[in-house]
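Chemist:
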Amino acid sequence: GGATEEQFQPFGLKKTYSCDLCGKSFTRAEGLKRHQLIHNGFKPHSCDLCGKSFTRAEGLKTHQFIHSGVKPYSCDLCGKSFTRAGHLKTHQLIHSGFKPYSCDLCGKSFTRAEGLKKHQVIHSGFKPYSCDLCGKSFTQAGSLKAHQLIHSGVKPYSCDLCGKSFTRAGSLKTHQIIHSGVKPYSCDLCGKSFTRAGSLKTHQIIHSGFKPYSCDLCGKSFTYREGLKQHQLIHIVVKAHYCELCGKAFGQS
Numbered sequence: 001g002g003a004t005e006e007q008f009q010p011f012g013l014k015k016t017y018s019c020d021l022c023g024k025s026f027t028r029a030e031g032l033k034r035h036q037l038i039h040n041g042f043k044p045h046s047c048d049l050c051g052k053s054f055t056r057a058e059g060l061k062t063h064q065f066i067h068s069g070v071k072p073y074s075c076d077l078c079g080k081s082f083t084r085a086g087h088l089k090t091h092q093l094i095h096s097g098f099k100p101y102s103c104d105l106c107g108k109s110f111t112r113a114e115g116l117k118k119h120q121v122i123h124s125g126f127k128p129y130s131c132d133l134c135g136k137s138f139t140q141a142g143s144l145k146a147h148q149l150i151h152s153g154v155k156p157y158s159c160d161l162c163g164k165s166f167t168r169a170g171s172l173k174t175h176q177i178i179h180s181g182v183k184p185y186s187c188d189l190c191g192k193s194f195t196r197a198g199s200l201k202t203h204q205i206i207h208s209g210f211k212p213y214s215c216d217l218c219g220k221s222f223t224y225r226e227g228l229k230q231h232q233l234i235h236i237v238v239k240a241h242y243c244e245l246c247g248k249a250f251g252q253s
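The numbering of the sequence shown is the UniProt record's numbering, which starts it at 1 and goes up by one.
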């Protein structure tokens, strides 16, 4: 495997050979000549397994790692392996915490430009991925794939402690907080804590005094749908006897 132009370059040697098409400079004429193959579309090195072609032998060699399953580039911090050095370098940004790509609309930062680009689709409202079964649309292909598990009934993520299964890894992670006893979401008004943000949000309706669920029979209102449902049983039990002539209900026959 040959060294790259950058690796071979002696200290202080000027890059006198420039590409007319993109302006990239090289220290040697050979480096420029090899680079120009990219622009002319000539790819003499082909993969025997899939037919993909490359301008350089090094590119083909790196590509063939995909078929062999060999991942020679490993992360010192987490052990994750990669087929390319560039992929390892990109991965290591996660550990550094460096997120140079920020969203202009919400300020959320990302380690990669691809991550930012994918995120920005959320703000556009564009949802190109639709479910064939229910019509629900998603901004990302991964989200659609995760959603489709609901229809298939497949729940690949199981809890080691209670055996409960979930369609998503995120749902399993949220569930496992119950076993840990950790309740990170606290109510500012009464101090009650919850394992989930959604549970806290539901609880806070009590303090707002908002009761959107009303009984059709007596007009009594409730904060939760469950409260209304439970209340309606009173009307069923108390007035179990109906007059066939007028339709009026009574507690006794």
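Ideal Cβ placement from N, Cα and C applies to all residues, glycine included.
Predicted model only: the values in this text are computed from it and were never measured.
#1: Going residue by residue through the region 144-217, where are the continuous alpha helix (DSSP H) segments of at least 4 residues, counting only ones entirely within it?
#2: Would you check whether the ligand SAH has a heavy atom nearer than 6 Å to the C-beta of residue 215?
#3: Give me the residue from 71, 91, 90 and 76 with the minimum Cα distance to residue 82.
#4: Just to confirm the assignment: which complete alpha helix (DSSP H) runs, minimum length 4, are found wholly within the UniProt domain "C2H2-type" (101-128)?
#5: Going residue by residue through the region 32-111, where are the continuous alpha helix (DSSP H) segments of at least 4 residues, counting only ones entirely within it?
#6: Excluding five sequence neighbours on each side, which residues of the same chain lie with their C-beta closer than 8 Å to the C-beta of residue 73?
#7: Using the C-alpha atoms, what's the distance from residue 59 back to residue 40?
#8: Between the beta-carbon of residue 137 and the beta-carbon of residue 143, is there less than 7 Å?
#9: Do residue 99 and residue 90 have their C-beta atoms closer together than 7 Å?
#10: Alpha carbon to alpha carbon, how far is residue 139 from residue 121? Give it in angstroms, no decimals.
#11: State yes or no: is the C-beta of residue 195 within less than 7 Å of the C-beta of residue 178?
#12: Could you name the residues that DSSP lists as bridge partners for residue 17?
#13: Would residue 109 and residue 102 be called neighbours here (beta carbons separated by less than 7 Å)?
#14: Between residue 165 and residue 158, which are expected to be in contact by the criterion C-beta below 8 Å, what is the C-beta distance as a whole number of angstroms?
#15: Between the C-alpha atoms of residue 104 and residue 219, what's the straight-line distance to the nearest angstrom?
#16: Would residue 7 be called buried (16 or more neighbouring beta carbons within 10 Å of its own) or exposed?
#17: Going by C-alpha distance, which of 44, 23 and 233 is nearest residue 215?
#18: Given a threshold of 16 other Cβ atoms within 10 Å of its Cβ, counted over all protein chains shown, does residue 35 qualify as buried or as exposed?
#19: On a CA-only basis, which of 221, 14, 49 and 78 is nearest residue 65? Give me that one, please.
Modeler: For this structure:
#1: Contiguous alpha helix (DSSP H) elements confined to the region 144-217 occur at 169-180 and 197-208, taking only those with 4 or more residues.
#2: By its list of ligands, the structure shown contains no ligand whatsoever, and the ligand SAH lies outside what it can speak to.
#3: The candidate whose alpha carbon is nearest that of residue 82 is 71.
#4: 113-124
#5: 37-40, 57-68 and 85-96
#6: 81, 82, 83, 84, 85, 87 and 88
#7: Answer to the nearest angstrom: the Cα atoms are 16 Å apart.
#8: no
#9: no
#10: 6 Å
#11: yes
#12: 26
#13: yes
#14: 5 Å
#15: Roughly 48 Å separates the two Cα atoms.
#16: Bear in mind that a pLDDT of 45 at residue 7, under 50, signals an unreliable position, so the model cannot answer this.
#17: 233
#18: buried
#19: 49
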